[in-house]
Amino acid sequence: MRVIRILAVFAATTLPLTACSDTTEPDHRAPSTQTPSTQAPSTQSPSGQTSSGTAVATPAVPEIEPPKVSGLGTTAHTAGSGGGMLDLTPSSVVYVPRTKSKTPVNGTYAVVAYKARSTTAVAATETTPTANGGWRWTARDGRTVTTLTGNATSVTPNGFNGSGPVKPGSDQWRSRTFDLPKSQHGGTLAYTDGKGRVHRWAIPAKDSGPETAKLKKALEE
């Protein structure tokens, strides 16, 4: 019985110590003094400034230059088809309602006389519409025709009917005809050379140029 009492007393004295060892100690660290940021993120406005008022550089938009258009009498240095170089100089234009060969399908023939000169040591040939080159006429209303439109290919005025390769150092008088209505008189004559470059000339809406009389006479023959 004495042993039982001793054990009981020992158990009673150790229970409070066990309970105390499970107690969590309080955190004595100082609380954080940092406050949350109230500043809004910077955003860019359409005016080129951020919301904070800071200017932002706006990329420059490159300007697109309009295509160069020359006048009658201006020479274009063009690449030949397959090699060589040709200087092409549209000189005159005449408008005729008919020729002795055929009547135009669309009402008028616009005939442009020009000089072609080879400027290199090899012969040079013009490009053609069938190979995405050659001559075309764009009227002021935006409509475009080529030398293959209507009956244009039937017009070959004497003295302005040069064709084929131009020999080195020589030149030829040539002409190109467009079959078009009277409403399309005047516009832009364009030629696409052997390198795909386009050369343009402004053409008046009435007979113009130093070869006018000679060209008209040739068309009557």
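Everything in the sequence shown is counted per our numbering, starting at 1422 for the first residue and increasing by one. Even for Gly, the Cβ is constructed at its ideal location relative to N, Cα and C.
Item                                                                                                   : Value
Beta-bridge pairing of ASP1562 - partner residues as DSSP gives them                                   : None, per the DSSP bridge assignment.
Reduced DSSP secondary structure (H/G/I, E/B, other) of THR1550                                        : According to the sequence as given, residue 1550 is Pro; it is not Thr. In the structure shown, PRO1550 sits in a helix (DSSP, three-state: H, G or I).
Element boundaries [alpha helix (DSSP H), containing LYS1637]                                          : 1633-1641
Nearest to GLU1641 (by Cα), restricted to the options ARG1595, GLY1615, PRO1578, GLY1607               : PRO1578
Cβ pair count under 8 Å reaching 3, the region 1552-1562 against the region 1588-1604                  : yes
Reduced DSSP category for THR1574 - H, G, I as helix; E, B as strand; rest coil                        : helix
Of the residues GLY1528, SER1522, GLY1505, the one placed nearest TYR1516, counting alpha carbons only : GLY1528
TYR1535 vs SER1491 beta-carbon contact at 9 Å                                                          : no
Exposed unless 16 or more other CB atoms sit within 10 angstroms - verdict on ALA1537                  : buried
Start-to-end residues for the beta strand (DSSP E) that takes in SER1513                               : 1506-1517
Boundaries (first-last residue) of the beta strand (DSSP E) holding LYS1536                            : 1529-1539
Backbone CA spacing between GLY1583 and THR1541 [nearest angstrom]                                     : 19 Å
Residue environment, THR1444, which counts as buried when at least 16 other CB atoms sit within 10 Å   : Unreliable positioning characterises THR1444 in this predicted model, as indicated by a pLDDT of 41, which lies under 50. The coordinate reading is nonetheless provided below. So THR1444 ends up on the exposed side.
Buried or exposed (CB count within 10 angstroms, at least 16 for buried), THR1551                      : exposed
Backbone CA spacing between ASP1592 and THR1510 [nearest angstrom]                                     : 11 Å
Range covered by the beta strand (DSSP E) that runs through GLN1593                                    : 1592-1601
Assigned exposure category for VAL1566 - 16 Cβ within 10 Å defines buried                              : buried
Contact under 9 Å by Cβ, THR1548 with ASP1628                                                          : no
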